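Per UniProt numbering, the sequence shown starts with residue 1, numbered consecutively.
Beta carbons: idealized from backbone N, C-alpha and C, even for Gly.
Just so it is clear, the structure is predicted and the values come from calculations on it, not from any experiment.
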Amino acid sequence: MTVWDRPEPPTRPAPLDRERIVAAAVALADEGGLEAVSLRKVAARLDVGPMRLYGYISTKEELFDLMVDEVHAEMLPEERPGDWREALRAHAHRTRQAALRHEWLADLLGGRPTLGPNALAVAEATLAALGGLADIDTVMRAVETVSAYFTGAIRREIANLRAERATGLSKHDWQRAFGPHVRRMLDTGRFPALAKVVYDGTEVDAETTFATGLDWVLDAVAAKLARPSA
């Protein structure tokens, strides 16, 4: 029986339910990452004994599942998208925005699918937007391809944000600190392709990088949907 199917115990002696537990866990994770979340710490935040939580949640993994599903509520589309491309683009951007609000989400993206009601609703809306465009296997590959892109891109962006905090160096501070070493290496002439990137490439922000890469992936999906047997 999953955590969503298991009934909750009575709320006495102090008011408690899964909603309160998950809200406390999300707040802890937002403040200190997943390592800041344990049943003991959640209980302390709610001012209840740790054993009371086991009536609602059996393991920390179940708690993580509930947390991920809670954040999926932020990814639900507010209105029906105009077409499949807009649906997938909006889903990718909503996931990125949710991960920027809750950085710990990046650590839990990309594994087994989340089976909570919010996550299932997000999946249903996404798949429904592609209904009738191709056979179901092609539709699934399209959704999985876009998901693989934005999962990797989000994890990379979050990793860079964490590195900035851990080192105290912004992206530009890091570039200035390591610039002399990079220039010395490039001046050897052994890395002409990298030199062209460093000296001639255009630097863009994370949001532009994400949006551009996403559009390229969507272009590839569109080409495949136009020629499903190719």
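C-alpha gap between residue i and residue j, whole angstroms
i	j	result
aspartate 83	alanine 119	21 Å
tyrosine 56	alanine 106	25 Å
alanine 23	alanine 195	48 Å
arginine 156	glutamate 19	31 Å
alanine 27	glutamate 74	15 Å
glutamate 144	threonine 138	10 Å
aspartate 17	proline 9	8 Å
aspartate 135	lysine 224	12 Å
phenylalanine 210	phenylalanine 150	8 Å
valine 182	glycine 201	15 Å
arginine 85	arginine 184	45 Å
proline 15	valine 204	49 Å
threonine 167	tyrosine 199	25 Å
residue 234	aspartate 187	Residue 234 is absent from the structure shown; the chain starts at 1 and stops at 230.
valine 37	threonine 208	33 Å
arginine 6	aspartate 69	16 Å
residue 244	glutamine 175	This structure does not reach residue 244, given that the chain is present from 1 up to 230, and the question cannot be answered.
glycine 179	aspartate 173	10 Å
valine 217	arginine 227	16 Å
alanine 142	aspartate 47	46 Å
serine 170	leucine 133	44 Å
arginine 101	glycine 131	31 Å
tryptophan 104	alanine 222	32 Å
glycine 189	alanine 206	30 Å
methionine 67	leucine 108	10 Å
glutamine 97	glycine 213	16 Å
valine 3	phenylalanine 191	54 Å
methionine 140	glutamate 164	36 Å
Residue range of the unbroken alpha helix (DSSP H) whose run includes residue i
i	result
leucine 218	206-226
valine 22	18-32
serine 147	136-167
threonine 2	Looking at the DSSP string, threonine 2 is not in any alpha helix (DSSP H), and its letter there is neither H nor E.
proline 113	From DSSP, proline 113 is part of no alpha helix (DSSP H); its letter is neither H nor E.
arginine 176	171-187
glutamate 61	60-72
aspartate 200	192-200
methionine 51	50-53
leucine 100	84-101
leucine 39	39-46
Short CB-CB distance (under 8 Å) between residue i and chain E
i	result
glutamate 79	Of the chains in the structure shown, none is chain E; there is only one protein chain.
Pick from the options that is closest to residue i, judged by C-alpha positions
i	options	result
serine 58	Val26, Gly33, Ile21, Arg183	Ile21
glutamate 35	Leu63, Asp17, Pro15, Leu16	Leu63
histidine 93	Ser147, Met1, Ala166, Lys171	Ser147
aspartate 65	Ala87, Glu79, Ala25	Ala25
arginine 112	Thr167, Asp219, Glu61	Glu61
alanine 220	Leu88, Phe178, Pro7, Gln97	Leu88
glutamate 78	Glu70, Asp69, Ala90, Arg141	Ala90
alanine 99	Thr208, Arg80, Asp30, Gly131	Asp30
glycine 33	Arg162, Phe191, Met1	Arg162
alanine 129	Arg80, Ala206, Gln97	Arg80
The ligand GTP heavy atom lying under 7 Å from the CB of residue i
i	result
glutamate 144	As far as ligands go, the structure on display features none, and thus does not contain the ligand GTP.
Next item on the list: May I ask you to verify whether the stretch 42-51 touches the stretch 124-133, counting CB pairs closer than 8 Å and requiring at least 3?
Entry: Too few Cβ pairs lie closer than 8 Å, so no.
Check: Taking contact to mean at least 3 C-beta pairs separated by less than 8 Å, is the stretch 30-48 in contact with the stretch 109-119?
Finding: The stretch 30-48, when compared against the stretch 109-119, does not touch it at the 8 Å Cβ threshold.
Check: How do the stretch 193-210 and the stretch 61-76 stand: do at least 3 beta-carbon pairs fall below 8 Å, yes or no?
Finding: By the criterion of at least three beta-carbon pairs nearer than 8 Å, the stretch 193-210 is not in contact with the stretch 61-76.
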